[in-house]
Amino acid sequence: MNNATPALLAFLLVLSLPAMTVVAAAPSGERLDGSAATLQQELPDRTAPVEAENTTNRLPLTGDVRSEYTDYGSGLGLVFANADDELRLDYEQYTLVDDEFDDATTEQQAAMVQQAYERINERADELEQREREAVRAYAAGEQSTNELLQTLLRNHKEAAMLADTLRELEGRANQVSGYSLPADYSDYKTLEYHRTPLRENLEALTDRPTRGSGLDVTVSASQTGYSLAMVDGDRYLVETARFDNRDQTGSNQLDHSDAYNHAEDLYPWASSDDGPHFQENSPDHYWAEPKLDQGRLDFYFNTQTGNVYRETQELTTQSLPVTDETTRSNDGLELSINETPPAENVNSPIEVTVTDQATGEPEQATIIIDGIEIGKTGEDGSLWIVPTLGQSELTARTANGTVNATITS
Numbered sequence: 001m002n003n004a005t006p007a008l009l010a011f012l013l014v015l016s017l018p019a020m021t022v023v024a025a026a027p028s029g030e031r032l033d034g035s036a037a038t039l040q041q042e043l044p045d046r047t048a049p050v051e052a053e054n055t056t057n058r059l060p061l062t063g064d065v066r067s068e069y070t071d072y073g074s075g076l077g078l079v080f081a082n083a084d085d086e087l088r089l090d091y092e093q094y095t096l097v098d099d100e101f102d103d104a105t106t107e108q109q110a111a112m113v114q115q116a117y118e119r120i121n122e123r124a125d126e127l128e129q130r131e132r133e134a135v136r137a138y139a140a141g142e143q144s145t146n147e148l149l150q151t152l153l154r155n156h157k158e159a160a161m162l163a164d165t166l167r168e169l170e171g172r173a174n175q176v177s178g179y180s181l182p183a184d185y186s187d188y189k190t191l192e193y194h195r196t197p198l199r200e201n202l203e204a205l206t207d208r209p210t211r212g213s214g215l216d217v218t219v220s221a222s223q224t225g226y227s228l229a230m231v232d233g234d235r236y237l238v239e240t241a242r243f244d245n246r247d248q249t250g251s252n253q254l255d256h257s258d259a260y261n262h263a264e265d266l267y268p269w270a271s272s273d274d275g276p277h278f279q280e281n282s283p284d285h286y287w288a289e290p291k292l293d294q295g296r297l298d299f300y301f302n303t304q305t306g307n308v309y310r311e312t313q314e315l316t317t318q319s320l321p322v323t324d325e326t327t328r329s330n331d332g333l334e335l336s337i338n339e340t341p342p343a344e345n346v347n348s349p350i351e352v353t354v355t356d357q358a359t360g361e362p363e364q365a366t367i368i369i370d371g372i373e374i375g376k377t378g379e380d381g382s383l384w385i386v387p388t389l390g391q392s393e394l395t396a397r398t399a400n401g402t403v404n405a406t407i408t409s
């Protein structure tokens, strides 16, 4: 008998419980240390990814956008632990024995499995709704950045549990004579909305020792969607969702062939002769993952409108082209800022380099944006960061002086 069944049935009971209350972090618009890091920016409406040359297009936000930095160190580690502990307690408190399934008739077993499958799908929809509500509350200033991230990380964790449960349920369904579980690949892809490379990176980073006061995650959101972006080492990670780009009420306007061609048109730089890995996720969306030497890109687009409503990217910073270079000098220091595309309504990364103006030797400098310390340049004098949307004042400070510049994203 499958030893995982008690946990499986326990989890299915847990699914009917009310959603976990969000644990408060810092007040809205503040870091855990109390310093403000908020920007409100009005952006024009867009539905298509922003076009970029020599790199991937990016999905932009729209409307009144709140954009902030936050530290993924000990604060987020505590946030993630709180969500994990609550889920673990649910498992411990609710248990059913194998006998209930084993002693049931074939018809009863089929009904139990079918009901469990339907509840998993309902729970997947609840994850989406929970996410939308948290994003809208954050954009309205009713939640802090860490509260929003807590919701996204909880969905990341729970989506994995649901996927594991679905796999176990498929195994149990195979034991029921004459019954076939209507699960398919699209059920798993729907859960993968919430299992993104950036969230996986945040989960891994919460297990590392605290890295100090570096602000490494840029969080932006409006009433119609959100975007998370960060640079970790030589990786630029971004995930964006546009809830207003998903229509679940209309009829399918794209057949498989048209949708395949449309996927290539949405991200032409990422297209190849082999075409994207493509999946029809009926009834309302398609998923595509183009082949990409520079990293990873996958996205979901609506069958009714063709609009992209979820996008995740993981690119190497070395692969990002430079669109503009700004140089400023002061106190014997030279500050160079390399911007990457696209800049319009997207949290694009920039490379900041500080050198000795006379010798050209790299300088270790503290990088400060709008009065908030972002991090320190490395041995090569450089630091990759993802600015918030809008205009900000950047300062590079060394033991011998400072140099300033204005940046706009």
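Per full-length UniProt numbering, residue 1 is the first one in the sequence shown, and the count goes up by one each step. Don't be surprised by glycine CBs; every beta carbon is placed ideally from N, CA and C. Owing to the predicted nature of the structure, the values given are computational and were not obtained by experimental measurement.
Do residue i and residue j have their C-beta atoms closer together than 8 Å?
i	j	result
VAL113	ALA183	no
THR106	SER180	no
TYR267	LEU237	no
ALA241	ARG199	no
THR398	GLN364	yes
ASP331	VAL403	yes
ILE369	SER392	yes
VAL219	THR70	yes
VAL135	VAL386	no
GLU239	THR312	yes
Residue i: which of the options sits nearest, CA to CA?
i	options	result
THR249	GLN223, ASP331, HIS285, LEU266	HIS285
SER186	VAL176, ALA163, ARG199, THR56	ALA163
PRO349	GLU373, GLY306, ILE407	ILE407
LEU292	THR196, GLU264, GLY378, LEU169	GLU264
THR326	MET161, ALA116, ALA405	ALA405
TRP287	GLN294, LEU166, TYR300	TYR300
ASN400	LEU389, GLU379, GLY378, THR366	THR366
GLY371	THR395, THR55, SER227, ARG154	THR395
GLU168	GLU314, TYR117, ASN54, GLY295	TYR117
HIS262	ASP244, GLU239, GLU289, PHE243	GLU289
GLU133	ASP102, LEU59, GLN223, LEU191	GLN223
GLU126	THR151, ASP103, ALA111, LEU254	THR151
GLN253	THR377, ASN307, PRO321	ASN307
ASN345	ALA110, GLY390, HIS156	GLY390
TYR193	GLU128, GLN108, GLY295	GLU128
Assign residue i to one of three DSSP states: helix, strand, or coil.
i	result
ASP380	coil
TYR236	strand
SER392	strand
TYR188	helix
LEU205	helix
THR324	The question names Thr, yet the displayed sequence has Asp at residue 324. ASP324 falls in the strand class under three-state DSSP.
GLN304	coil
THR402	strand
ASN155	helix
THR145	helix
SER364	Just to set this straight, residue 364 is Gln in the shown sequence, not Ser. In the structure shown, GLN364 sits in coil (DSSP, three-state: anything other than H, G, I, E or B).
GLY171	helix
ALA110	helix
TYR193	helix
THR355	strand
Would you say residue i faces chain D, with C-beta separation under 8 Å as the test?
i	result
TRP269	In the structure shown, chain D does not exist; there is a single protein chain.
Exposed or buried, what is residue i when buried is set at 16 or more other beta-carbons lying within 10 Å of its beta-carbon?
i	result
SER329	exposed
ASN57	buried
residue 453	Any property of residue 453 remains undetermined from this structure, which presents the chain solely from 1 to 409.
GLU51	exposed
ASN54	exposed
PRO60	buried
HIS156	buried
VAL217	buried
How many whole angstroms separate the CB atoms of residue i and residue j, which I take to be in contact at a CB cut-off of 8 Å?
i	j	result
VAL354	LEU333	6 Å
ASN347	SER409	7 Å
THR316	ARG235	7 Å
ARG195	TYR138	Between TYR138 and ARG195 the Cβ distance is about 21 Å, and since that is not below 8 Å, they are no contact.
SER246	ASN302	In the sequence as presented, Ser is not what sits at residue 246; that position holds Arg. ARG246 to ASN302, Cβ: 5 Å. Contact.
ASP158	THR388	Before going on, a small fix: residue 158 reads as Glu here, not Asp. That belief does not hold up - the Cβ atoms of GLU158 and THR388 are roughly 29 Å apart, past 8 Å.
GLU122	LEU153	Going by Cβ atoms, the distance from GLU122 to LEU153 rounds to 22 Å, so no, they are not a contact pair.
Should residue i be counted as a contact of the ligand SAM given a C-beta to heavy atom distance under 7 Å?
i	result
ALA137	Among the ligands in the structure shown, none appear at all, so the ligand SAM cannot be discussed.
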